[in-house]
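Notes to accompany the following structure.
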Amino acid sequence: MSKKKRRTKIPTTYIRSRIHLIRGVFVILDTDLAALYEVSPKVLLQSVKRNKERFPPDFMFRLTDDEEENLRSQTVTSSWGGRRYNHYAFTYNGIAMTASVLRSERAIETLKQIMRTFTAVQQAVIHDRDLSHRVTQLEYGFGELRQDMNVIYGIIDEARQLEEKKPKAPMGFVGEPKAVYNARRKKK
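Going by numbering that gives the first Met the number 0, the sequence shown opens with residue 0, and the numbers climb by one from there.
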């Protein structure tokens, strides 16, 4: 009896959580793709580098430092240790190409699930065409809000500086005249 490892289907929600929108394109990062294919990221990237002609920039690209930092803040990862180089991001076509480069049964089965998930995500975006417009409006609104907050912070700082320049009155009973109370006078 052969000890064949039973492969379980990867949940669509898990795959969907690994899809990011970077540079206006849906991508999966190299580490996430390697985990889905059940290979190490090193093996995946070595296979890609051996077949570099199959991966033009619209199939795979390396993240910039800003994109990496933004991604790190979204996923709340630790800044200690980690990678020396920025992640590679694989587009829809790049993911299909990685399966052909890896040539394993697991890669082919995983690819089918990833493609179905990508299609579902793209259909959701197409179905709600207004989503992109709303996101752009929100980004613009947040930019205006950020500018307004900077103006408010500037006014608060100016008020604090003016407050610091004013001489402060001494507190307590220093220099106060003697209090006069309406005391009962004795009748004569």
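Note that beta-carbon positions come from the ideal geometry of N, C-alpha and C, so glycine has one too.
Beta carbon of residue i nearer than 7 Å to that of residue j
| i | j | result |
| --- | --- | --- |
| T116 | T11 | yes |
| M114 | R53 | no |
| V120 | I18 | yes |
| F60 | A88 | yes |
| N85 | L62 | yes |
| T90 | V24 | yes |
Heavy atom of the ligand HEM within 6 Å of residue i beta-carbon
| i | result |
| --- | --- |
| A33 | Among the components modelled here there is no ligand, and therefore nothing to report on the ligand HEM. |
First through last residue of the beta strand (DSSP E) which encompasses residue i
| i | result |
| --- | --- |
| R61 | M59 to R61 |
| I18 | I18 to I21 |
Element boundaries [alpha helix (DSSP H), containing residue i]
| i | result |
| --- | --- |
| Y36 | D29 to Y36 |
| Y87 | Taken as a continuous stretch (DSSP letters only), Y87 belongs to no alpha helix (DSSP H), being part of the beta strand (DSSP E) at Y87 to F89. |
| P40 | P40 to R49 |
Cα-Cα separation, residue i to residue j
| i | j | result |
| --- | --- | --- |
| M0 | I9 | Unreliable placement is indicated for M0, whose pLDDT of 41 sits below 50; the coordinate value is still reported in the next sentence. Their backbone Cα atoms lie some 26 Å apart in a straight line. |
| K2 | A123 | Residue placement at K2 is flagged as unreliable, the pLDDT there being 45, under the threshold of 50; a coordinate-derived value is accordingly withheld. |
| P166 | G153 | 22 Å |
| I151 | L70 | 29 Å |
| I21 | E66 | 8 Å |
| T118 | R15 | 11 Å |
| A98 | D64 | 27 Å |
| V47 | P40 | 11 Å |
| G188 | I155 | Nothing about residue 188 can be read from this structure; the chain reaches only from 0 to 187. |
| M170 | E68 | 51 Å |
Identity of the residue in the options nearest residue i by Cα
| i | options | result |
| --- | --- | --- |
| P56 | M170, V26, K111 and L144 | V26 |
Are at least three pairs of beta-carbons, each pair with one atom in the region 138-150 and one in the region 33-48, less than 8 Å apart? no
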